[in-house]
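Asker: Counting from 1, one number per residue, gives the positions in the sequence shown under the UniProt record's numbering.
Glycine included, C-beta positions come from ideal geometry on N, C-alpha and C.
This one's a predicted model, so the numbers in the text were calculated from it and none came from an experiment.
Before I ask anything, here is the structure I am working with.
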Amino acid sequence: MGATLDILERLVAFPTVSRDSNLDLILWAKERLEAAGAATRLVPSEDGRKANLFASVGPADRPGILLSGHTDVVPVDGQAWTCDPFRLTRRAGNLYGRGTADMKGFIAAAMALAERASGRTLSQPIHLALSYDEEVGCLGVRRLIDMMAALPVRPRFCIVGEPTLMQVVTAHKGKTALRIDCRGAECHSSLAPQGLNAIHMACDMLTGLRRLQERVQTEGARDAGYDVPWTTIHAGVIQGGTALNIVPNQCRLDMEIRHLPQDPVDPLLDAVRAEAEAMEKRLRTAFPAAAVDITELSSYPALDTDEDAEVVSFVKALTGGNSLGKISFGTEGGLFQRRLSIPTVVCGPGSIGEAHKPDEFVAEDQLTACDRMLDALLARLA
Numbered sequence: 001m002g003a004t005l006d007i008l009e010r011l012v013a014f015p016t017v018s019r020d021s022n023l024d025l026i027l028w029a030k031e032r033l034e035a036a037g038a039a040t041r042l043v044p045s046e047d048g049r050k051a052n053l054f055a056s057v058g059p060a061d062r063p064g065i066l067l068s069g070h071t072d073v074v075p076v077d078g079q080a081w082t083c084d085p086f087r088l089t090r091r092a093g094n095l096y097g098r099g100t101a102d103m104k105g106f107i108a109a110a111m112a113l114a115e116r117a118s119g120r121t122l123s124q125p126i127h128l129a130l131s132y133d134e135e136v137g138c139l140g141v142r143r144l145i146d147m148m149a150a151l152p153v154r155p156r157f158c159i160v161g162e163p164t165l166m167q168v169v170t171a172h173k174g175k176t177a178l179r180i181d182c183r184g185a186e187c188h189s190s191l192a193p194q195g196l197n198a199i200h201m202a203c204d205m206l207t208g209l210r211r212l213q214e215r216v217q218t219e220g221a222r223d224a225g226y227d228v229p230w231t232t233i234h235a236g237v238i239q240g241g242t243a244l245n246i247v248p249n250q251c252r253l254d255m256e257i258r259h260l261p262q263d264p265v266d267p268l269l270d271a272v273r274a275e276a277e278a279m280e281k282r283l284r285t286a287f288p289a290a291a292v293d294i295t296e297l298s299s300y301p302a303l304d305t306d307e308d309a310e311v312v313s314f315v316k317a318l319t320g321g322n323s324l325g326k327i328s329f330g331t332e333g334g335l336f337q338r339r340l341s342i343p344t345v346v347c348g349p350g351s352i353g354e355a356h357k358p359d360e361f362v363a364e365d366q367l368t369a370c371d372r373m374l375d376a377l378l379a380r381l382a
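Spelled out as structure tokens, the structure:
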């Protein structure tokens, strides 16, 4: 595991929080992979501040296996770390640092695999897809997918290395994030009934969302394979008002829908919009400027791979495991499956329960298991 640890130490040292650039990491990875004989291609963001990296080892005229991972991490602001989050710390069989579980551990193992494959004669290529801005809605990988759509030969299978404790995962929920902007009419708070309180409007929207959640939970699809076996509707941020003695004229509510693959999201979005339209119609008689505007912030599809699919048996043979799982958090896998028709599963080292927290870690035995899986992949392709 020496090479994997060496690479992971370097990856963690790059503070690739989604709000910042990932270029230093990507350019370092590009140089290291090219030194191993990989063919590489940068796919930059529109503003050039970030980039995806696509790298291949092996014959270019064969499909091969795609290993996908995102390079961005969530912030550490306000978290009580007991070690430097951007320096790999080894302690009691665990490797601590931001992104070790989510998901630089897998990227390190995949890069080490590419180096081991260097100089070997492969029957199929190994592809690496390193993306940006996954943590804010799987945004960056879309430009990479656009590039891959033009490849003369697309990968046969994809393994997304999000942390699953090395269990093969066949499905995850889709997600759509919305911003709801409520516009009322301000006035002095002593004359509150003469104004239209935008915070109250947002609270009424929240009430509607909770009613919708209750209906989905009782009438919608269910799948016991998930920790939460139904579609969830969640409000995460609310901002409004400037002073206690002013009836606020603006309030913003950010919400998300995480839907089961068999629960289409469009009817739910229509229900949210209908709630907003009904509120506008009700209020505009007295307040013509009243408005509830809805903006989609991000969206990615669910992953739903048949448990009997060839990719499932292929990756199970690599891991040596028999059980399959489903996860409530999202990945880029649904985009590879939907937009490129690449059969996809999720399988990677570490636990999502350790991600996004202070003292994030991946267990050393998890990285060892990932290296074993990738060694088995190399043995299949060499």
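Thinking C-alpha only, which one of D359, D6, F329 and D365 is nearest A171?
Answerer: Ranking the options by Cα distance to A171, first place goes to F329.
Asker: According to DSSP, what are the bridge partners of R41?
Answerer: Looking at the DSSP assignment, R41 forms a beta bridge with F54.
Asker: Any contact between the region 94 to 114 and the region 345 to 360? By contact I mean 3 or more CB pairs, one from each, below 8 angstroms.
Answerer: The region 94 to 114 vs the region 345 to 360: in contact.
Asker: Helix, strand or coil for Q239 per DSSP?
Answerer: Correct three-state label for Q239: strand.
Asker: Return helix, strand or coil for A278, following the three-state DSSP convention.
Answerer: In the structure shown, A278 sits in a helix (DSSP, three-state: H, G or I).
Asker: Excluding the 5 residues preceding and the 5 following S366 in the sequence, name in chain order all residues of the same chain whose CB lies nearer than 6 angstroms to its CB.
Answerer: Note that residue 366 is Gln in the sequence shown, not Ser. Excluding positions up to five away in sequence, the list reads P349 and G350.
Asker: Would you report the Cα separation of E219 and A80, rounded to the nearest angstrom?
Answerer: In a straight line, the C-alpha of E219 is about 41 angstroms away from that of A80.
Asker: Apply the 10 Å Cβ neighbour rule to R120 and answer buried if 16 or more other Cβ atoms are within range, or exposed otherwise.
Answerer: So R120 counts as exposed.
Asker: Flag this pair as yes or no: are the beta carbons of C347 and T164 separated by less than 8 angstroms?
Answerer: Contact flag set, yes.
Asker: Can you tell which of D375, V136 and D84 has the C-alpha that lies nearest to the C-alpha of V74?
Answerer: Closest option to V74, Cα to Cα, is V136.
Asker: Which one of T319, G240, L113 and V237 has the shortest CA to CA distance from V169?
Answerer: Of T319, G240, L113 and V237, the residue nearest in Cα terms is T319.
Asker: Taking the CB atoms as reference points, tell me whether S68 and E280 lie closer together than 8 angstroms.
Answerer: No, these two residues do not count as a Cβ contact at 8 angstroms.
Asker: Could you give the residue range of the beta strand (DSSP E) that holds I327?
Answerer: I327 -> beta strand (DSSP E) spans L324 to I327.
Asker: Check whether the Cβ atoms of C251 and A192 sit closer than 8 angstroms, and answer yes or no.
Answerer: Not a contact, by the Cβ cut-off of 8 angstroms.
Asker: Which of the three DSSP states, helix, strand or coil, is assigned to G105?
Answerer: Helix, per DSSP.
Asker: Report the residue from T82, L139, A129 and V312 whose alpha carbon sits nearest the alpha carbon of E46.
Answerer: The candidate whose alpha carbon is nearest that of E46 is L139.
Asker: Would you kindly work out how many angstroms separate the C-alpha atoms of R258 and L324, rounded to a whole number?
Answerer: Going by the C-alpha atoms only, they are around 21 angstroms apart.
Asker: In chain order, what residues of the same chain have a beta carbon less than 8 angstroms from the beta carbon of V312, not counting five sequence neighbours either side?
Answerer: Within the same chain, V312 has close Cβ partners V168, T170, T305, D306, L324 and V345.
Asker: Below 8 angstroms on the Cβ atoms is my guess for L378 versus L113; work out the distance and round it to an integer in Å.
Answerer: The Cβ separation is near 6 angstroms, so the contact holds.
Asker: Which of the three DSSP states is assigned to G140 in this structure?
Answerer: G140: coil per DSSP, three-state reduction.
Asker: As a quick exercise: from L381, E134, L151 and T40, pick the residue whose alpha carbon is nearest that of E162.
Answerer: Selected option, being the one with the closest Cα: E134.
Asker: Tell whether a beta-carbon distance below 8 angstroms holds between A39 and A55.
Answerer: Yes, Cβ-Cβ distance for A39 and A55 is below 8 angstroms.
Asker: Within this structure, are the beta carbons of E296 and T176 separated by less than 8 angstroms?
Answerer: A contact, by the Cβ cut-off of 8 angstroms.
Asker: Quickly, what does DSSP pair I65 with across the bridge? List them, please.
Answerer: In the DSSP output, where bridge partners are listed per residue, I65 has I126 and F157.
Asker: Round the Cβ separation of A109 and L340 to the nearest angstrom and send it over; I've been treating them as touching at under 8 angstroms.
Answerer: So it is not a contact: roughly 23 angstroms between Cβ atoms.
Asker: Between L88 and V12, which are expected to be in contact by the criterion C-beta below 8 angstroms, what is the C-beta distance as a whole number of angstroms?
Answerer: So it is a contact: roughly 5 angstroms between Cβ atoms.
Asker: Give, in chain order, every unbroken run of the beta strand (DSSP E) that is at least 3 residues long and sits entirely within the region 303 to 369.
Answerer: Runs of the beta strand (DSSP E) inside the region 303 to 369: 324 to 327, 344 to 346 and 361 to 363.
Asker: I'd like to check one pair, L66 with I342: are the Cβ atoms closer than 8 angstroms?
Answerer: Yes, the Cβ-Cβ distance between I342 and L66 is below 8 angstroms.
Asker: For G225, which of A117, S131, I327 and M1 has the nearest alpha-carbon?
Answerer: G225 has its Cα closest to that of I327, out of A117, S131, I327 and M1.
Asker: For C83, which of helix, strand or coil comes out of DSSP?
Answerer: It is coil, neither helix nor strand.
Asker: For E256, list the residues DSSP reports as bridge partners.
Answerer: Per DSSP, A177 and H234.
Asker: Are H127 and G184 touching if we call contact CB-CB under 8 angstroms?
Answerer: Not in contact: H127 and G184 (Cβ atoms no closer than 8 angstroms).
Asker: Nearest to D20 by alpha carbon, out of E9, L42, D72 and L178?
Answerer: Taking only the C-alpha atoms, the option nearest D20 is D72.
Asker: I'd like to know whether the C-beta atoms of A302 and K173 end up nearer to each other than 8 angstroms.
Answerer: Against a cut-off of 8 angstroms, the Cβ pair of K173 and A302 comes out as a contact.
Asker: Taking the C-alpha atoms as reference points, what is the distance between S131 and V216?
Answerer: Each residue's Cα considered, the two are about 33 angstroms apart.
Asker: Nearest-angstrom Cα distance between E186 and I246?
Answerer: Approximately 7 angstroms between the Cα atoms of the pair.
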